[in-house]
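For reference, each letter of the sequence shown is one residue, going -35 to -1, 1 to 116 in mature numbering (1 follows the signal peptide of the UniProt record, and there is no 0). Note that beta-carbon positions come from the ideal geometry of N, C-alpha and C, so glycine has one too.
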Amino acid sequence: MGVSTLVLPNRLTSLLRVAGLGLACMVLSPTESHAQTWMVSTDAFMKLGVMDKFGTLGTYTAKFVVTNNTSGKAYILVKEVAGGQNGIDVVFPSEPSEPDYFKADTGEAARALPGSYTWECQVGGKKVVGGKFSFPETANDVTTIIADKKK
């Protein structure tokens, strides 16, 4: 007796292989690009400092006074500088959650409002250093980056 094989299963197998390959190509092919959105957050601040260059004072109290030239409001931060430390740096405006922060006589915490400022540091009631700075108009914005579509 002769052995006969069915042709249909071979064709079905071939058809399933081609269909599987086509499905795999669709699943693994790159999808269309979408826009990406980023949110930006900015904080302006100024680092101010004073230093007894030769360390002759020992322990001293540094009183930083920053005045907003637009409003005329003064913000004060007093720091104790230990002997041997010589100097200290502070950040304006400082976070109100910190134990010591720049505040007005009313207790209002300083904010980095746009405009010009004058600052000075007093030691023993005398101005020892000072200067000017300004905070620019800054904006937190949303930037959308659109990916190039492939042709």
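Near residue i, what residues of its chain come up, given a Cβ to Cβ distance below 6 Å and the 5 sequence neighbours on each side ignored?
| i | result |
| --- | --- |
| K97 | T83 |
| K38 | A69 |
| D17 | N51 |
Going by CA-CA distance only, name the one from the options that's closest to residue i.
| i | options | result |
| --- | --- | --- |
| G14 | P101, V93, A39 | V93 |
| G23 | R(-19), A77, G80, G49 | G49 |
| F19 | G52, K28, P64, S(-22) | G52 |
| G80 | T35, S62, Q87 | T35 |
| D54 | S6, T26, G89, P101 | T26 |
Within the same chain, show all residues whose beta-carbon is closer than 7 Å to that of residue i, passing over the 5 residues directly before and after it, in chain order.
| i | result |
| --- | --- |
| E60 | Y66 |
| D70 | none |
DSSP state of residue i, grouped into three classes?
| i | result |
| --- | --- |
| L(-15) | helix |
| V56 | strand |
| residue 133 | Residue 133 falls outside the range modelled here, since the chain spans only -35 to 116, and no answer is possible. |
| L22 | coil |
| P64 | coil |
| S81 | strand |
| S36 | coil |
| S99 | strand |
Flag this pair as yes or no: are the beta carbons of residue i and residue j separated by less than 8 Å?
| i | j | result |
| --- | --- | --- |
| L78 | N33 | yes |
| V43 | K28 | yes |
| residue 187 | Y40 | Outside the shown range of the chain (-35 to 116) lies residue 187, about which nothing can therefore be said. |
| E102 | V30 | no |
| F100 | A75 | no |
Starting from the C-beta of residue i, find all residues in its chain whose C-beta is less than 8 Å away, skip the five residues before and the five after it, and write them out in chain order.
| i | result |
| --- | --- |
| D8 | A77 |
Any heavy atom of the ligand COA closer than 7 Å to the CB of residue i?
| i | result |
| --- | --- |
| E63 | Summarising the ligand content, the structure contains no ligands, and the ligand COA is consequently not present. |
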